[in-house]
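*Asks:*
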Amino acid sequence: MTEHVLFTIQFLTQEEHLPPFPLIAFSGQVKACLTSPLIQSLSIGVEENILHFKGQGHGAKGENEYEFSLEFLKPVKPEVKHKSTQRQVNITVKKQEHVWWDRLTKQEKKPLFLAPDFDRWLDESDAEMELREKEEKMNKISIESRVRKDPFLGLKKGFLFMYNLVQFLGYSWIFVNMTVRLFILGQDSFYDTFHTIADVMYFCQMLAIMEVINPAVGLVKTGIMPAFIQVMGRNFILFVIFGTLADMQNKPVVFFVFYLWSMIEIFRYPFYMLVCIDTEWKLLTWLKYTIWIPLYPLGVLAEAVAVIQSIPIFDETKLLSIPVPKAIGTSLSFSFILQLYLVIMFLGLFINFRHLFKQRTRRFRTKKRKAN
Numbered sequence: 159m160t161e162h163v164l165f166t167i168q169f170l171t172q173e174e175h176l177p178p179f180p181l182i183a184f185s186g187q188v189k190a191c192l193t194s195p196l197i198q199s200l201s202i203g204v205e206e207n208i209l210h211f212k213g214q215g216h217g218a219k220g221e222n223e224y225e226f227s228l229e230f231l232k233p234v235k236p237e238v239k240h241k242s243t244q245r246q247v248n249i250t251v252k253k254q255e256h257v258w259w260d261r262l263t264k265q266e267k268k269p270l271f272l273a274p275d276f277d278r279w280l281d282e283s284d285a286e287m288e289l290r291e292k293e294e295k296m297n298k299i300s301i302e303s304r305v306r307k308d309p310f311l312g313l314k315k316g317f318l319f320m321y322n323l324v325q326f327l328g329y330s331w332i333f334v335n336m337t338v339r340l341f342i343l344g345q346d347s348f349y350d351t352f353h354t355i356a357d358v359m360y361f362c363q364m365l366a367i368m369e370v371i372n373p374a375v376g377l378v379k380t381g382i383m384p385a386f387i388q389v390m391g392r393n394f395i396l397f398v399i400f401g402t403l404a405d406m407q408n409k410p411v412v413f414f415v416f417y418l419w420s421m422i423e424i425f426r427y428p429f430y431m432l433v434c435i436d437t438e439w440k441l442l443t444w445l446k447y448t449i450w451i452p453l454y455p456l457g458v459l460a461e462a463v464a465v466i467q468s469i470p471i472f473d474e475t476k477l478l479s480i481p482v483p484k485a486i487g488t489s490l491s492f493s494f495i496l497q498l499y500l501v502i503m504f505l506g507l508f509i510n511f512r513h514l515f516k517q518r519t520r521r522f523r524t525k526k527r528k529a530n
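Mapping to the numbering used here: the sequence shown position 252 is 410, numbers consecutive.
1) Report all residues from its chain with a CB closer than 8 Å to the CB of Gln-517; omit the five preceding and five following residues, and keep chain order.
2) Do Ile-424 and Lys-329 have their beta-carbon atoms positioned less than 9 Å apart in this structure?
3) For Thr-380, which residues of its own chain have a beta-carbon under 7 Å away from its beta-carbon, when the five flanking residues on both sides are left out?
4) Helix, strand or coil: which one does DSSP assign to Tyr-447?
5) Take the Cβ of Met-431 as the centre, count every other Cβ of all protein chains shown within 10 Å, and call the residue buried at 16 or more, exposed below.
6) To the nearest whole angstrom, what separates the beta carbons of Leu-418 and Ala-460, a pair I think is in contact under 8 Å?
7) Do you know offhand how far Gln-480's Cα is from Met-406's?
8) For Ser-330, does the three-state DSSP call read helix, strand or coil?
9) Compute the Euclidean distance between the alpha carbons of Val-153 and Ile-399, then round it to the nearest angstrom.
10) Could you pull out every residue in the same chain whose Cβ sits closer than 7 Å to the Cβ of Ile-332, ignoring the five residues on either side in sequence?
11) Cα separation between Phe-466 and Leu-477?
12) To the nearest angstrom, how far is it from the Cα of Val-334 to the Cα of Glu-291?
13) Does Thr-437 come out as helix, strand or coil in the three-state DSSP assignment?
14) What span of residues does the alpha helix (DSSP H) with Glu-266 cover, start to end?
15) Which stretch, first to last residue, makes up the beta strand (DSSP E) that contains His-240?
16) Can you tell me where the alpha helix (DSSP H) with Tyr-360 in it begins and where it stops?
17) Using the beta-carbon count (16 or more within 10 Å), is Val-188 buried or exposed?
18) Could you check the C-alpha separation between Ser-393 and Gln-325 for me, to the nearest Å?
19) Which residue marks the beginning of the alpha helix (DSSP H) containing Asn-393, and which one marks its end?
20) Would you kindly report the start and end of the unbroken alpha helix (DSSP H) that includes Met-368?
21) In chain order, what residues of the same chain have a beta carbon less than 6 Å from the beta carbon of Pro-410, not counting five sequence neighbours either side?
22) Between Asn-322 and the rest of its own chain, which residues show a CB-CB distance below 8 Å, the 5 nearest in sequence each way excluded?
23) What did DSSP end up calling Lys-212 once you bin it into helix, strand or coil?
24) Round the Cβ separation of Ser-199 and Gly-213 to the nearest angstrom and send it over; I've been treating them as touching at under 8 Å.
25) According to DSSP, is Glu-225 part of a helix, a strand, or is it coil?
26) Roughly how many angstroms separate the alpha carbons of Asp-308 and Gly-316, rounded to a whole number?
27) Per DSSP, which residues does Ser-589 bridge with? Please list them.
28) Would you call the CB atoms of Phe-232 and Val-257 closer than 9 Å?
29) Can you tell me whether Leu-490 is helix, strand or coil according to DSSP?
30) Closer than 6 Å by C-beta to Phe-361: which residues in its own chain qualify, once you throw out the five before and the five after it? Chain order, please.
31) Spatial neighbours of Ile-422 within its chain, please: CB distance less than 8 Å, with the 5 preceding and 5 following residues excluded, ordered by chain position.
32) Have a look at Arg-512, His-513, Ile-471, Ile-509 and flag the residue whose alpha-carbon is nearest the alpha-carbon of Leu-496.
33) Could you tell me the distance, in whole angstroms, from the CA atom of Phe-515 to the CA atom of Leu-441?
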């Protein structure tokens, strides 16, 4: 039983053809609710573990005096709190010990006027659950009070929302434009993708540097390294492999690289937009955490093909080659750096694939626990 004894006292009047005694309904806590026409001249107290109540009520046939005594099963504190209105009296009696009682009164035989109030009834399991919920609520309030609120949280969320919106619009334009051209021109669209799409792709990939800056300055709580690997890897392909070699700009591999990049991003950026406004679309969440599984490795494979195709061109043009002393050789070909980059690229694929897979597992494991 909890700290209080809770009972409801309802007074029946003469006009109901019953004697003026109280009908008491009790439950596992202690507060008393008394209803009658105009209860007044109250005398309430506890003496020797017995609750004494006396009061007057004005009914249809005039004044009636109501009085009862109730001896509790176990000791209670002598202090009694009560609050009266014209139609009810709320009485609070506290126990000496916070233990469960088998019954309310000391006498084994239940008084005729005593009946359980099942609307207020609590058994031990109900009370424990209620107590646990109160403790969890208090702990949550305590934690929230200790955590300092960020005065710029709204501004940060607004900035992140606009960033993701701009990127979503940019990559959506790229994806739709390439898809429409593919249906209209067929394979011919492979050869002029760079000249059609490059300006918007330059803009989106330059802006994507913010995905490295944001975690570095604490705007988002994600690791810097996965974002650094992806953004710098893409920008290397875009600006160095495609941007500096005109011979690479007309190759079909450009189409596949750009198309795979945009297919991933048209699901990723709207997901983060909804996160900024504390909203979730389950289908979009599943796509964001699933569609990269086939597309990300395919994108890296397409990038690797672009690097391999560019190596003979760099060897022939000596573009970006590094001069070295004559005793060592004439120059260090950039193609050697590209061969090292291929190894680093697949190492980055392993690191990011593992990171993304952990994110996916953590996300859906949490959802499953909440569902259970």
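C-beta atoms are modelled at their ideal positions from N, C-alpha and C, and glycine is treated no differently.
The structure presented is a predicted model; accordingly, all values stated were derived computationally and were not measured.
*Replies:* Taking the structure as given:
1) Locating residue 517 in the sequence shown gives position 359, counting from the first residue. These residues qualify, in order along the chain: Tyr-447.
2) The sequence position of residue 329 within the sequence shown is 171, counting from 1. The sequence position of residue 424 within the sequence shown is 266, counting from 1. What sits at residue 329 in the sequence shown is Tyr, not Lys. Yes, the pair counts as a contact, with Cβ atoms nearer than the cut-off.
3) As a working mapping, residue 380 is identified with position 222 in the sequence shown. Only Pro-373 meet the Cβ criterion.
4) Counting from 1 along the sequence shown, the entry for residue 447 is found at position 289. If DSSP states are grouped into helix, strand and coil, Tyr-447 belongs with coil.
5) Along the sequence shown, one-based indexing puts residue 431 at 273. Buried, because 16 or more other Cβ atoms sit within 10 Å of the Cβ of Met-431.
6) Residue numbering aside, residue 418 sits at position 260 when the sequence shown is read from its first letter. Residue numbering aside, residue 460 sits at position 302 when the sequence shown is read from its first letter. Right, their Cβ atoms sit about 6 Å apart.
7) Taking the first residue of the sequence shown as position 1, residue 480 is located at position 322. Taking the first residue of the sequence shown as position 1, residue 406 is located at position 248. According to the sequence provided, residue 480 is Ile. The question's Gln does not apply to it. The straight-line gap from Cα to Cα measures roughly 21 Å.
8) For this step, residue 330 is matched to residue 172 along the sequence shown. Note: Ser-330 maps to helix in three-state DSSP.
9) In the structure as shown, the chain starts at 159 and stops at 530, and residue 153 therefore has no counterpart that could be examined.
10) Along the sequence shown, read from residue 1 onward, the residue named residue 332 stands at position 174. Closer than 7 Å at the Cβ level, and outside the excluded window around Ile-332, lie Ile-355, Val-358, Met-359, Phe-416, Ser-420.
11) Stepping through the sequence shown from its first residue, residue 466 is reached at position 308. Stepping through the sequence shown from its first residue, residue 477 is reached at position 319. Correcting the residue type first, residue 466 is Ile in the shown sequence and not Phe. As the crow flies, the alpha-carbon of Ile-466 is around 15 Å from that of Leu-477.
12) Against the sequence shown, residue 334 aligns to sequence position 176. Against the sequence shown, residue 291 aligns to sequence position 133. Taking the straight line from one Cα to the other gives about 51 Å.
13) Here the question's residue 437 lines up with position 279 in the sequence shown. Coil, per DSSP.
14) The count along the sequence shown starts at 1 and reaches residue 266 at position 108. Secondary structure note for Glu-266: it is in no alpha helix (DSSP H), with a DSSP letter that is neither H nor E.
15) Here residue 240 is taken as the residue at index 82 of the sequence shown, counted from 1. Per DSSP, the continuous beta strand (DSSP E) segment holding His-240 begins and ends at 234-242.
16) On the sequence shown, position 202 is the one that residue 360 refers to. Element bounds for Tyr-360: 351-365.
17) In the sequence shown, counting from the first residue as 1, residue 188 sits at position 30. With a pLDDT of 38 at Val-188, under the threshold of 50, the predicted position of this residue should be treated as unreliable, and no value is reported.
18) Counted from its first residue, the sequence shown places residue 393 at position 235. Counted from its first residue, the sequence shown places residue 325 at position 167. A quick correction: the sequence has Asn, not Ser, at residue 393. Distance between the alpha carbons of Asn-393 and Gln-325 is about 15 Å.
19) By 1-based counting over the sequence shown, the position of residue 393 is 235. Segment 382-393, the alpha helix (DSSP H) holding Asn-393.
20) As a working note, residue 368 is residue 210 in the sequence shown. 368-375 is the span of the alpha helix (DSSP H), which, as asked, contains Met-368.
21) Residue mapping note: residue 410 aligns to position 252 of the sequence shown, counting from 1. Once the five neighbours on either side are set aside, the close Cβ partners of Pro-410 are Phe-348.
22) Within the sequence shown, the letter at position 164 stands for residue 322. Only Tyr-427, Pro-428, Tyr-430, Met-431, Cys-434 meet the Cβ criterion.
23) Taking the sequence shown and counting its residues from 1, one reaches residue 212 at position 54. Correct three-state label for Lys-212: strand.
24) Here residue 199 refers to the residue found at position 41 when the sequence shown is read from its first residue. Here residue 213 refers to the residue found at position 55 when the sequence shown is read from its first residue. About 6 Å separates the two Cβ atoms, so the contact holds.
25) Position 67 of the sequence shown holds residue 225. Here Glu-225 sits in strand by DSSP.
26) What you label residue 308 is simply residue 150 of the sequence shown in a count that begins at 1. What you label residue 316 is simply residue 158 of the sequence shown in a count that begins at 1. Taking the straight line from one Cα to the other gives about 14 Å.
27) Any question about residue 589 goes unanswered here, given that the chain covers just 159 to 530.
28) Indexing the sequence shown from 1 puts residue 232 at position 74. Indexing the sequence shown from 1 puts residue 257 at position 99. Correcting the residue identity first, residue 232 is Lys in this sequence and not Phe. Yes. Within cutoff.
29) As a first step, residue 490 is located in the sequence shown; it is residue number 332 there, counting from the start. Of the three classes helix, strand and coil, the one that applies to Leu-490 here is strand, per DSSP.
30) Position 203 of the sequence shown holds residue 361. Cβ neighbours of Phe-361 beyond the five flanking positions: none.
31) Here residue 422 corresponds to residue number 264 of the sequence shown, with the count starting at 1. These residues qualify, in order along the chain: Ile-449, Trp-450, Leu-453, Tyr-454, Gly-457.
32) Taking the sequence shown and counting its residues from 1, one reaches residue 496 at position 338. When each option's Cα is compared against that of Leu-496, the closest is Ile-471.
33) Position 357 of the sequence shown holds residue 515. Position 283 of the sequence shown holds residue 441. Their backbone Cα atoms lie some 18 Å apart in a straight line.
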